[in-house]
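Data block below; observations after.
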Amino acid sequence: SENETRTIKAGFTVKPNTEINGEANLSKAEDINVDVTIDGEKEDPNAPKVGDYFYTDGTWSTALNSEKTVAGVVFALASKGGAASSDNASNYPDKNMTTVKGWVVATKDVTDKGIAFLKKDNTLNTVDQEPLYIAIANTLAYNESTPIESATPNSGWYLPSIGQMKALLSVYAANNSNTQGESLAVKKALEALNVEGALMNSGFYWTSTGGMNKAEYGVYRVGFHTTGNYWKSGVYTGVTSGSTIRAVLTF
């Protein structure tokens, strides 16, 4: 028999992640094969989204699951050119990661506002020393006390870079005359937790990105102030300035 191709003009709409049933009255005189072509990329209905809750068991969900413990909120994705698309699993050796799905911000601060880039004995660094700064020590301690199950390979908690904090700012709250304006996806998720200390209202937050200004060492920090100084682009600050720490992780 000859192959004949016909297009059904009066078709039906296919919606993402929705089961569609369709039928057509065709000749039963012989076997008929029907090929369906759908334009566009296939979407995973279980893929993480910005604003999703990330749990200590390594899973995530858009709606809050009260039977699980929330560890953080997804604030960047690696898919479709998202803010985490430049990240790579090779940046996290020994973590059994083969791909990067995105970044998560913790639901509470690692430390209160304080001088975090002095040594643990509160003295400054010298050229021949590589001290364990308070910021690093406290973040490592937070990672130990708030582990994520390895069912979902992840980096563990660490001090975010300036680029990561800027990505977080862009989905936290709108910038309205140098103050936090309308709550965006991440802040809305933290607000819904209704847990003291979840919101990032502690002013400036440290990043891991450093540099030099003339002869002085410094570190970049970003502002999440509720009123004034909402520094979305980051500000370079001397290491003896006081700021807060909020950890992130990669999964």
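Just so it is clear: in the sequence shown, position 2 is 221 by my numbering, and no numbers are missing.
For every residue, glycine included, the Cβ atom is placed at its ideal position computed from N, Cα and C.
In the DSSP assignment, find the unbroken beta strand (DSSP E) run with V292 in it and report its ends.
V289 to L296
Quick one: is T358 buried, meaning 16 or more other Cβ sit within 10 Å of its Cβ, or exposed?
buried
Under three-state DSSP, which class holds E415?
coil
By Cβ distance, which residues of its chain are closer than 8 Å to G375, with the 5 residues on each side in sequence left out?
K314, N362, P366, I367 and L468
By Cβ distance below 8 Å, which residues in the same chain neighbour N284 in space, the five residues on each side in sequence not counted?
Y272 and Y274
In the DSSP assignment, find the beta strand (DSSP E) that holds T469 and state where it starts and stops.
V467 to T469
Inspect the beta-carbon positions of V329 and V292 and report whether they are closer than 7 Å.
no
Going by beta carbon distance, what residues of the same chain come within less than 7 Å of A308, once the five residues before and after it are set aside?
M316, T317, T318 and V319
In three-state terms, what does DSSP make of S462?
strand
Could you give the distance in angstroms between the alpha-carbon of T463 and the alpha-carbon of S380?
14 Å
Over what stretch of residues does the beta strand (DSSP E) that includes Y274 continue unbroken?
Y272 to Y274
Measuring only the C-alpha atoms, how far is F470 from N394?
28 Å
I believe V414 touches T281 by the beta-carbon criterion, under 8 Å. Please report the beta-carbon distance rounded to the nearest angstrom.
Contact doesn't hold; Cβ gap of about 18 Å is too wide.
Any heavy atom of the ligand SAM closer than 6 Å to the CB of S309?
Of ligands this structure carries none, so the ligand SAM is not represented either.
Over what stretch of residues does the beta strand (DSSP E) that includes G321 continue unbroken?
G321 to A325
Out of curiosity, what's the CA-to-CA distance linking S427 and Y439?
7 Å
Coarse secondary structure for T358, derived from DSSP in three states:
helix
Inter-residue spacing [alpha-carbon to alpha-carbon] between A295 and A303:
6 Å
Continuous alpha helix (DSSP H) stretch holding I367: start and end
No alpha helix (DSSP H) holds I367; DSSP gives it neither H nor E.
Tell me whether Y262 sits in a helix, a strand or coil according to DSSP, three-state version.
A small correction: the amino acid at residue 262 is Glu; Tyr does not occupy that position in the sequence shown. Coil, per DSSP.
Put G390 into one of helix, strand or coil per three-state DSSP.
In the sequence as displayed, the identity of residue 390 is Val instead of Gly. In the structure shown, V390 sits in coil (DSSP, three-state: anything other than H, G, I, E or B).
Just list the residues that DSSP pairs Q399 with in beta bridges.
N394
Nearest to K407 by alpha carbon, out of Y391, G382 and Q399?
Y391
Simplified DSSP state of G442, which is helix, strand or coil:
strand
With distances taken between CB atoms, is the gap from V171 to G270 smaller than 7 Å?
The structure shown does not extend to residue 171, since the chain spans only 220 to 470, so no value can be given for it.
On the three-state DSSP scale, how would you describe G300?
helix
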